[in-house]
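Below: one structure, written as structure tokens.
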């Protein structure tokens, strides 16, 4: 949902700074200790470099501009380092300015940039004589070259780190830290003193209680961290010392993205019925885990201050706020005192989908026929099940029956989910099966059929809110329908159908009164992440109304027509001698064709399998060409 909003805001506000701030972990196993089995679990994580870059770009926007839109997940209530330290440690360089090369290199190291003269990557710098190349943390395909003459900056150039091609000549640059956890040296020295003091106090407590193992463990781990902090300015798990590194008292809120926001900020809490409980539920689990670590000598007690905001802290800290939801929760409704804005009427005239309740006895066979009919019309289908096992079995069964189907689940990485939804819209496959990810905010105008299996199983996944949200996925299409398979009517099912019927009747009355003819949402398909700041020119989105799509007998976007449009775009770019864009479009054509082929063989295939196959083919092609040389 955040990625979808980011993409849309980029197109709505082309001249503004639009940022993307979500969790940058592809995989995260927090540090933990299980006393019952005496099991220590070390922290393991895999950071997504692209999302990390976009987080840096977002905080940079907030410090440099006023016209900023940030799309953030609940990750924004977690600590990211002090805004004061982050903003005070910016390096500003101007042409003709006096600066010592050695001093510049020392300052870059303090910002946690790494010297790397071999593989020049984001967050690195390299030195060649009097030339210093810097790859900023917020860029993906641009770097800066600082050329010195003695102790004077002779020129500042922006260039492509891959090709070395010069992009622009600059008068000045601002270099932001490579980590949000940068600490000025005086603050670091003071923090080390406080860490030692707390360690000594805690060691005395443990030794007095006869817990010598815990005391030895704590002393060994803490002294190692202190040595690393003194030598390099950082250490593994540096965030656990955030109380001292940010100069805050025990129990004070940690520095978060909210401290980067100006006072006049306006916050929209989208899908507030889910977001508000999320914000309220983050603190307790984190506190319990870290308290256990501190109790058994793995961390100092101050580690609990590296935490997400409590709900009460967030409620006090937030500026003006608008809560947005099709199914608002009790907390939001209680705050309104009955005064809220109900936006049911759609400008497109689209009415809520027709809901058809059918027996669950033969739900799979009935669904198969409906999916075939929808696919024949060029429509997309969303199917939601109750369990992961059922989703996997249904995906496998549909695949064996010749349907183009794919399965969306929580194990799939953030960016890969975006690719899957995009490929569904493009027509690389027709049916997407999921459990809990096919609900809030998923905007697929090509989806004309939503099927809810076992709709009569009362619970979290079949509550009134969940049913209304899932039904809403078919409300973007003129022929939208929802099939609910149930052998009995539950209270949640009755209320969800009644609410959908109420909204449907209200829209129909409005259409009749204003002579509005409903029409499907028409929305282009753009590459979400390719739109981020600093990237190459993104592929032109394939939208309705083009000459080719007008000829199409199918509703929505069709993969074949999209490939034809991409081929035309590729040839035009080549004719204009824009070979870089032509190569990117060519790669996108290959990716879509390969995705379609791989899904036809294996609906559970990961996007990495597509990328791997494309890389293998490219390598074979290069090898084959070399053989022909004489």
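In our numbering, the protein residues as written are 98 to 727.
For every residue, glycine included, the Cβ atom is placed at its ideal position computed from N, Cα and C.
Bear in mind the structure is a predicted one, so any value in this text is a computation, not a measurement.
With 16 other Cβ atoms within 10 Å as the buried cut-off, status of residue i
i: residue 117; result: buried
i: residue 604; result: buried
i: residue 288; result: buried
i: residue 488; result: buried
i: residue 606; result: exposed
i: residue 543; result: buried
i: residue 521; result: buried
i: residue 337; result: buried
i: residue 719; result: The predicted position of residue 719 is uncertain, since its pLDDT is 44 and thus under 50; a value taken from the coordinates is nonetheless stated next. Flag for residue 719 reads exposed.
i: residue 274; result: buried
i: residue 456; result: exposed
i: residue 598; result: exposed
i: residue 319; result: buried
i: residue 230; result: buried
i: residue 108; result: exposed
i: residue 727; result: Legend: pLDDT at residue 727 = 35, less than 50; position of this residue unreliable, value from coordinates given subsequently. That one is exposed.
i: residue 304; result: exposed
For residue i, the nearest candidate out of the options (CA to CA)
i: residue 492; options: 578, 363, 464, 362; result: 464
i: residue 612; options: 447, 209, 395; result: 447
i: residue 267; options: 365, 239, 495; result: 239
i: residue 206; options: 138, 280, 176, 155; result: 280
i: residue 237; options: 567, 248, 228, 257; result: 257
i: residue 322; options: 284, 328, 332; result: 332
i: residue 541; options: 532, 567, 552; result: 567
i: residue 495; options: 506, 508, 469; result: 469
i: residue 596; options: 449, 577, 553, 274; result: 449
i: residue 284; options: 617, 306, 339; result: 339
i: residue 405; options: 387, 330, 417, 139; result: 387
i: residue 286; options: 176, 327, 551, 229; result: 327
i: residue 168; options: 366, 672, 565, 570; result: 366
i: residue 417; options: 461, 181, 361; result: 361
i: residue 350; options: 158, 176, 115; result: 176
Distance between residue j and residue i (C-alpha atoms, nearest Å)
i: residue 402; j: residue 98; result: 30 Å
i: residue 121; j: residue 309; result: 38 Å
i: residue 211; j: residue 276; result: 12 Å
i: residue 162; j: residue 298; result: 45 Å
i: residue 432; j: residue 369; result: 13 Å
i: residue 364; j: residue 592; result: 31 Å
i: residue 614; j: residue 608; result: 7 Å
i: residue 441; j: residue 600; result: 7 Å
i: residue 173; j: residue 141; result: 21 Å
i: residue 201; j: residue 344; result: 27 Å
i: residue 293; j: residue 311; result: 16 Å
i: residue 136; j: residue 524; result: 48 Å
i: residue 145; j: residue 579; result: 36 Å
i: residue 375; j: residue 235; result: 28 Å
i: residue 617; j: residue 573; result: 6 Å
i: residue 397; j: residue 192; result: 47 Å
i: residue 683; j: residue 473; result: 28 Å
i: residue 94; j: residue 295; result: Because the chain in this structure spans residues 98 to 727, residue 94 falls outside the shown range and cannot be described.
i: residue 232; j: residue 225; result: 14 Å
i: residue 335; j: residue 582; result: 51 Å
i: residue 443; j: residue 160; result: 37 Å
i: residue 223; j: residue 439; result: 57 Å
i: residue 558; j: residue 533; result: 7 Å
Which residues DSSP lists as bridging residue i, in chain order
i: residue 117; result: 168
i: residue 222; result: 212, 231
i: residue 143; result: 124
i: residue 529; result: 479, 503
i: residue 548; result: 480, 580
i: residue 288; result: Bridge partners of residue 288: none, in fact.
i: residue 254; result: 242, 266
i: residue 195; result: 249
i: residue 418; result: 364
i: residue 136; result: 131
Rounded Cβ spacing between residue i and residue j (contact assumed at less than 8 Å)
i: residue 130; j: residue 395; result: 6 Å
i: residue 255; j: residue 241; result: 6 Å
i: residue 517; j: residue 500; result: Going by Cβ atoms, the distance from residue 517 to residue 500 rounds to 16 Å, so no, they are not a contact pair.
i: residue 170; j: residue 119; result: 4 Å
i: residue 429; j: residue 373; result: 7 Å
i: residue 515; j: residue 155; result: Rounded, the Cβ-Cβ distance is 17 Å, inconsistent with contact.
i: residue 482; j: residue 530; result: 7 Å
i: residue 423; j: residue 290; result: Residue 423 to residue 290, Cβ: 53 Å. No contact.
i: residue 244; j: residue 221; result: With a Cβ gap of about 18 Å, residue 244 and residue 221 do not count as contacting.
i: residue 250; j: residue 190; result: 6 Å
Min CB distance residue i to chain B below 8 Å
i: residue 204; result: Considering every chain present, this structure includes no chain B. It has just one protein chain.
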